[in-house]
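J.: Sharing a structure below in structure tokens format, with a few things to ask.
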Amino acid sequence: MRYFIGNWKMFGVPKSINILNKINSFHSKDKNRRKYRVIFTPPYTLLETYAKYFRNKRISIGSQNCYQKDLYSSNTAAVSPFMIRAVGAKYTLIGHSDNRSEGDTNDMLKDKVKFALKNNLKVVFCIGENKKDKKNNRTFSVLKNQITKVLEKKFNRNNIIVAYEPVWSIGTGKIPTKKELEKTTMHIKKVLKHLFKTKSPAVLYGGSVDGSNVEMFKEIRDIDGFLIGGASKSSKKFIDIIKNYYR
Ligand code: PEP
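Our numbering runs 9 ahead of the 1-based position in the sequence shown.
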């Protein structure tokens, strides 16, 4: 199974559902439709409406983040996994570099993953080295650390997807070379297989993916799909990624 996940970040109002409707119609008629899943993570303001609207359609809806405690708390502006699941969303991103840079620690991320899984959300756990890590040849150790400090072997690996997003690639138009990606994704899968003592969860790539570079990624065996930011705000750009992937 392949995954195409669109992360809208701070984008979208109720009528932006038109973008997803076009993608949903494409997906319903696509001859390759059984080979992949499409998931979108709109902002919290749209979660309930979109999750209800797409309940019996092809697109699944998830949140971009969640709070690290169950049910309710006195934390202003926080939204718990319980509340996210209650409005019909099925997935949540956890550990996006935007949130790590705003203070999400490994301990917080571990709690988030734990509570999200407990509340029946599937987790898209984001990891990635920054420019300095890459320059200092620390990519492998940083990624291993990000995985092993957060994911536990008792977590249900079937409900976890790992998204490898080099921070220096997000929104910059810069992407790793094919060779770098082959090595890095193989490393990530090795760490995950060792942790879970069996098969690895799916591993996605994220960072400046578009219709023109996706063909390079499809040659890399260990990439099970994509987390897509900028190009997910346009139905045409998002559909082009899927079309070119299966060309
Ligand atoms: C992201 O924010 O997760 C992302 C991958 O963004 P972009 O595709 O714009 O680089």
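Idealized CB from N, CA, C, for every residue including glycine.
Just so we're clear, the structure is a prediction, and the values are computed from it rather than from any experiment.
Say the cut is 6 Å; is the CB of leucine 190 nearer than that to a heavy atom of ligand 1?
T.: One-based indexing of the sequence shown puts residue 190 at position 181. Because no heavy atom of ligand 1 lies under 6 Å away, the Cβ of leucine 190 does not count as near it: no.
J.: To the nearest whole angstrom, what separates the beta carbons of lysine 202 and lysine 208, a pair I think is in contact under 8 Å?
T.: Counting from one through the sequence shown, the residue named residue 202 turns up at place 193. Counting from one through the sequence shown, the residue named residue 208 turns up at place 199. With 8 Å as the limit, lysine 202 and lysine 208 qualify as a contact, their Cβ atoms being about 7 Å apart.
J.: Could you tell me which of Glu189, Gln77, Leu56, Lys78 sits nearest to serine 69, measuring between CA atoms?
T.: Here residue 69 refers to the residue found at position 60 of the sequence shown. The residue with the shortest Cα to Cα distance from serine 69 is Leu56.
J.: Please classify tyrosine 255 as buried or exposed, where buried requires at least 16 other C-beta atoms within 10 Å of its C-beta.
T.: For the purposes of this step, residue 255 is taken as the residue at position 246 of the sequence shown. It is exposed - the Cβ of tyrosine 255 has fewer than 16 other Cβ atoms within 10 Å.
J.: Taking 6 Å as the cut-off, is the C-beta of isoleucine 248 nearer than that to any heavy atom in ligand 1?
T.: As a first step, residue 248 must be located in the sequence shown, where it is residue number 239. No, Cβ of isoleucine 248 sits at least 6 Å from all heavy atoms of ligand 1.
J.: Check this for me: beta carbons of phenylalanine 277 and asparagine 129, under 7 Å apart or not?
T.: Within the shown structure, residues of the chain are numbered from 10 to 256, placing residue 277 beyond reach of any answer.
J.: Is isoleucine 179 near ligand 1, going by C-beta to nearest heavy atom under 6 Å?
T.: Here residue 179 is taken as the residue at index 170 of the sequence shown, counted from 1. Indeed, a heavy atom of ligand 1 lies less than 6 Å from the Cβ.
J.: Excluding five sequence neighbours on each side, which residues of the same chain lie with their C-beta closer than 7 Å to the C-beta of isoleucine 184?
T.: The residue you call residue 184 lines up with position 175 of the sequence shown. If we look at isoleucine 184 and ignore the five residues flanking it on each side, its Cβ neighbours are Ser178, Gly216, Ser217, Asn222.
J.: Would you kindly work out how many angstroms separate the C-alpha atoms of lysine 245 and threonine 157, rounded to a whole number?
T.: Taking the first residue of the sequence shown as position 1, residue 245 is located at position 236. Taking the first residue of the sequence shown as position 1, residue 157 is located at position 148. Their backbone Cα atoms lie some 38 Å apart in a straight line.
J.: Using a beta-carbon distance below 7 Å, is histidine 105 in contact with chain C?
T.: Reference to chain C is not applicable here, since this structure consists of a single protein chain.
J.: Starting from the Cα of leucine 19, find the closest Cα among Thr54, Lys38, Gly112, Arg46 and give me that residue.
T.: Working through the sequence shown from its first residue, we reach residue 19 at position 10. Note that residue 19 is methionine in the sequence shown here, rather than leucine. Per the Cα distances, Thr54.
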